[in-house]
Structures are given as C-alpha cells and as structure tokens.
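Engineer: Numbering (this note's numbering), first residue to last: 4 to 448. Here it is: the structure, laid out below.
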Amino acid sequence: MTEKHHDYTKTTPRFSATFDPFTVSQIQRAAATGIYDIRGGGTKRKLPHFDDLLFLGASMSRYPLEGYRERCGTDVVLGTRFAKKPIHLKTPVTIAGMSFGALSAQAKEALGRGASAVGTSTTTGDGGMTPEERGHSSTLVYQYLPSRYGMNPDDLRKADAIEIVVGQGAKPGGGGMLLGQKISPRVAQMRDLPEGIDQRSACRHPDWTGPDDLEIKIEELREITNWEKPIYVKVGASRPYYDVSLAVKSGADVVVLDGMQGGTAATQEVFIEHVGLPILAAIRPAVQALQDLGLHRKVQLIVSGGIRTGADVAKALALGADAVAIGTAALVALGDQSPDLAAEYAKLGTVPGAYDDWQDGRDPAGITTQDPTLAARLDPILGGRRLANYLSVLTMEAQTIARACGKSHLHNLEPEDLVALTIEAAAMTRLPLAGTDWYPGKAGF
C-alpha cells in the first residue's frame, strides 16, 4: 500500500482578522448601493457580559436556604419616591418598550397576556397605546418618546406609569426607524404619518434640551396624571454616572438603564455595533450615582440589554439593580427565530437566530410584522402562555441562586456574592478576580 502524503504546496486559505468575510461583504454592499446598512436587533459582537461573573454559593461561611421549605421573595415596588400609586410587581423581570409598528398587534397582546399572568409589567414603546395592549396588561408603562407618536393625555392617565425615553442602549444619541412596509393604515393613523413611507424618529425631545427642562416636563406629566403615576427616565448606557445623577435630580422615580446589547426595531448597523456601553460596564457607575445622592433603593434602577437567564437577573440585582427589563428574549419566547421556521427564514436570506430581517416586516413568526397574513400566524393566547412560562423560569432560576447564597429575597443579593472571571469584568464591576481579593485599580495595589 502506498503511503499518502499531504501536499504542502497547496496551502489552506487564510482570512484576515481585520478584513474577515463579513467585513468584505459589507464593503462590497456599501460600494454597490451607496447606502449604510440598517437592521434590527442589538449588537452581535462579543462583549463583556454577565457570563463573566460567578456567584459564590453558601458553604461553611454562609448558610443556604432550603429550596422547597424556605421562602425567597421576588416582588419589587417601583415608584416609591413621589408617585401616589407606586406599582407592585410579583417578579423583578419586566417587559421593555417595543412599539406597535415594530411589533404586530397580536404580539403586543401576547406580551400583555404573558406579563399579566406572572404579575409583571409591559411597556408600550413608540407609537402610542393599543387597546390590545392596555386590555391585556394588568400593569402598563407608557413610553413618552421624542417623536410623540400617538401621545395624548388620556392614554397617559390610562397607564400605570410613564417612561420618558431619553435614549436607548442600541443607539444612544440616535433616533429610531420604521420602514415604510410596516407603516400600515392603522400604524399611520396612530402616528399621524403617511402610509407606506419610511419613518425616522427624532433623537431628542422637541420641547426640552437639558435636565432643568426635564424637571419642568416631569412636573407637567405629574400634574396631568394627578401625581399618581411613577415617572421613569430611560437612558442609553454611555455616561451612566452623570446621566443617572441628572435624571434623579430632575425628579425621576425610577431610572431605566439600557446597555448596548439591547435590541432596536431598526437603526444603522454601525450605530448598533460601535456606540454605547455594555450593560455590565454601566451598572456600577449608575449605582454609585444613586449611592452618592443617598437614594439607592429609594429611586429604583431597572437595567436592560441582553438579559437572557435567571442568572443574568440575579447578577444584575446583586450589582445593585432593583429590576430588569427584557425585549429580545421576550420575542424569542413568543416564538420568533424558531428552528421550525428555518425554511422561511432561508427565503429571507437569513437563518433562525440571526434576526437580520426583523425590521423589514417579513417575519414568518408573525411577531415583527404588519402584514396581516403573517401577523395572523401568532396566536396571542399561546404566545402569552409561552412568555409566562419563560418569565416563571427566569424568576425561579434567580430564586435558586439567591437561596444558594443564603438570601431570603432577591434584593438581598449583593456584590459580595459575586466574583469576576476576567480582568475586564473585574475592572468594570470592581468585583474581585476569582480566587483573589484584587480588581484593577484597587487602592493599595
């Protein structure tokens, strides 16, 4: 038998780390079209995240709780600073703002059903309040955005809380987009827009330019709603210490901090991938701002951007948040990106899990679309049940971790229960590197 030898004169092609195949394809697309790329979803690059942290479970120095015999509380009250009617949620996992327009009416109903089943809140998103959402959401937060699409005082009064959106994690400093194919007759009527024409939302509010003006706006909203509704202020993670401080000084009851892993209905890819901070880097300075003002836990902090598991929830709370918000994960729970739809995603030139075409309105799952035929595929009752199951699992997972750390409530988790796995995570959170008592910049080292 003749021995076979590898022909080393024929080398295996090697791609550049700088000009990888995707980058080359983007250059070619830009050269061919002369326009920048727009897509939905959040950043796809790998960033420091909650996976870079670990919990230290109880052993000799800590006493764990029995999982099935000892209670571990999960409830949270939001808006205790000034509002006459703070909202009380059974779980600290809330549904982030996603608009009717970006999502179908069936999807908005499903989100309301699922959240209500487990005792948490939903959020309207841009474009106003739909009867489906209000009717099926036991607790509904109304987003007050720069666009003011669909805004009216009656809906403000119907809401349980108001969230003033200053920025979003996927695009801090930028406005949103809704492509013309999603401006259906109903969406156009609600937003007072021409049907079928691309819509770009403003990047800043038209009637105020800074924290002093925001203070006046918050007081105006309180007067409209008889000081009943908690007022949230949402900021994209960029300068969290100063942004949180100014939001609090302007009178916010709750601050929502959104990291760059948060999704978006549609914006420029260059924005999604290169602007903002990972949520892991933003929580510590935000909490520090609240502590320096003497208002940590008195002004509640909600964090969002890439929350996927109960471990993520528990880690966010241990770092100092009061609650979290989920968006992308909620849509996946409803049925988006299902492998069962692989053939239909292939027709769009993508695959389940890539979500490149969410903004185009051709979602075969019927969730991110205004096409009536596609939207009819989503059963709001079934979708709501799936979301409720997912939210229940997130809550139970977080409870499991809290009990293992000896905590009788999720809010008793603390930074001392965590260590960092990487130098980057240790520097961002000021948690010790696993196996040491050191983090970058620690005094005395």
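We treat Cβ as the ideally placed atom computed from N, Cα and C, and that holds for glycine. Owing to the predicted nature of the structure, the values given are computational and were not obtained by experimental measurement.
Name the DSSP bridge partner or partners of A401?
Structural biologist: Taking the first residue of the sequence shown as position 1, residue 401 is located at position 398. Bridge partners of A401: none, in fact.
Engineer: Is the separation between the beta-carbon of A292 and that of S241 shorter than 8 Å?
Structural biologist: What you label residue 292 is simply residue 289 of the sequence shown in a count that begins at 1. What you label residue 241 is simply residue 238 of the sequence shown in a count that begins at 1. In this structure, S241 does not lie closer than 8 Å to A292 by Cβ.
Engineer: Spatial neighbours of S341 within its chain, please: C-beta separation below 8 Å, excluding the five flanking residues on both sides.
Structural biologist: For the purposes of this step, residue 341 is identified with residue 338 of the sequence shown, where counting begins at 1. P355 and A368.
Engineer: What ranges does the alpha helix (DSSP H) occupy inside the segment 143-167, keeping only unbroken runs of at least 4 residues that lie completely in it?
Structural biologist: With a minimum length of 4 residues, the continuous alpha helix (DSSP H) runs that stay inside the segment 143-167 are 156-161.
Engineer: For the segment 293-307 against the segment 192-199, do three or more pairs of beta-carbon atoms, one drawn from each stretch, fall closer than 8 Å, so that the two count as touching?
Structural biologist: No: the two stretches stay apart, fewer than three of their Cβ pairs being nearer than 8 Å.
Engineer: Exposed or buried, what is P51 when buried is set at 16 or more other beta-carbons lying within 10 Å of its beta-carbon?
Structural biologist: Your numbering for residue 51 matches position 48 in the sequence shown. Looking at its Cβ environment, which holds 16 or more other Cβ atoms inside 10 Å, P51 is buried.
Engineer: Between G179 and T267, which are expected to be in contact by the criterion C-beta below 8 Å, what is the C-beta distance as a whole number of angstroms?
Structural biologist: The residue given as residue 179 occupies position 176 in the sequence shown. The residue given as residue 267 occupies position 264 in the sequence shown. The pair is a contact, with the Cβ atoms about 7 Å apart (cut-off 8 Å).
Engineer: Near S307, which residues of its chain fall below 8 Å by C-beta distance, leaving aside the five closest residues on each side in sequence?
Structural biologist: For the purposes of this step, residue 307 is taken as the residue at position 304 of the sequence shown. Excluding residues within five positions, the ones whose Cβ falls inside 8 Å are A99, G172, V259, L260, D261, G262, G265, I282, V327, A328, I329 and G330.
Engineer: Looking only at its own chain, which residues have a Cβ that is under 6 Å from the Cβ of A345, when we skip the five neighbours before and after it?
Structural biologist: Taking the first residue of the sequence shown as position 1, residue 345 is located at position 342. Contacts found: P355.
Engineer: By alpha-carbon positions, which one of I165, V169 and P95 ends up nearest to V121?
Structural biologist: Here residue 121 is taken as the residue at index 118 of the sequence shown, counted from 1. Out of I165, V169 and P95, P95 has the C-alpha closest to the C-alpha of V121.
Engineer: Express the C-alpha separation of T432 and K445 in angstroms, rounding to a whole number.
Structural biologist: Within the sequence shown, residue 445 is the residue found at index 442, counting from 1. Within the sequence shown, residue 432 is the residue found at index 429, counting from 1. Rounded to whole angstroms, K445 to T432 spans 12 Å at the Cα level.
Engineer: Where do the ends of the beta strand (DSSP E) carrying F58 lie?
Structural biologist: Counting from 1 along the sequence shown, the entry for residue 58 is found at position 55. Per DSSP, F58 belongs to the beta strand (DSSP E) from L56 to F58.
Engineer: Where does R225 fall in DSSP's three states?
Structural biologist: The sequence position of residue 225 within the sequence shown is 222, counting from 1. Correct three-state label for R225: helix.
Engineer: Could you spell out the range, first to last residue, of the beta strand (DSSP E) harbouring D261?
Structural biologist: Working through the sequence shown from its first residue, we reach residue 261 at position 258. Counting along the chain, the beta strand (DSSP E) containing D261 begins and ends at V257 to D261.
Engineer: CA-CA distance, V422 and A61?
Structural biologist: Here residue 422 refers to the residue found at position 419 of the sequence shown. Here residue 61 refers to the residue found at position 58 of the sequence shown. Answer to the nearest angstrom: the Cα atoms are 14 Å apart.
Engineer: Secondary structure at R203, three-state DSSP: helix, strand or coil?
Structural biologist: The count along the sequence shown starts at 1 and reaches residue 203 at position 200. In this structure, R203 counts as strand in the three-state DSSP scheme.
Engineer: Quick one: grab the DSSP three-state call for Q340.
Structural biologist: For the purposes of this step, residue 340 is taken as the residue at position 337 of the sequence shown. Reduced to three states, the DSSP call for Q340 is coil.
Engineer: With DSSP collapsed to three states, give me the class of R311.
Structural biologist: To locate residue 311, count along the sequence shown from 1; it is residue 308. Three-state DSSP puts R311 in coil, outside helix and strand.
Engineer: Sorted by chain position, which residues of the same chain lie with C-beta nearer than 6 Å to V79's C-beta, five sequence neighbours on each side aside?
Structural biologist: Position 76 of the sequence shown holds residue 79. Correct list, in chain order: L92, P95, D325 and A326.
Engineer: Using only CA atoms, which one of D210, I426 and L390 lies nearest to D55?
Structural biologist: Translated into positions along the sequence shown, residue 55 becomes position 52. Among D210, I426 and L390, the Cα nearest to that of D55 belongs to I426.
Engineer: Quick one: measure Cβ to Cβ for V190 and A162, integer angstroms, because I've assumed they're closer than 8 Å.
Structural biologist: Stepping through the sequence shown from its first residue, residue 190 is reached at position 187. Stepping through the sequence shown from its first residue, residue 162 is reached at position 159. That belief does not hold up - the Cβ atoms of V190 and A162 are roughly 20 Å apart, past 8 Å.
Engineer: Output the boundary residues of the alpha helix (DSSP H) element that contains L114.
Structural biologist: For the purposes of this step, residue 114 is taken as residue 111 along the sequence shown, with counting starting at 1. From DSSP, the alpha helix (DSSP H) with L114 extends over A108 to V121.
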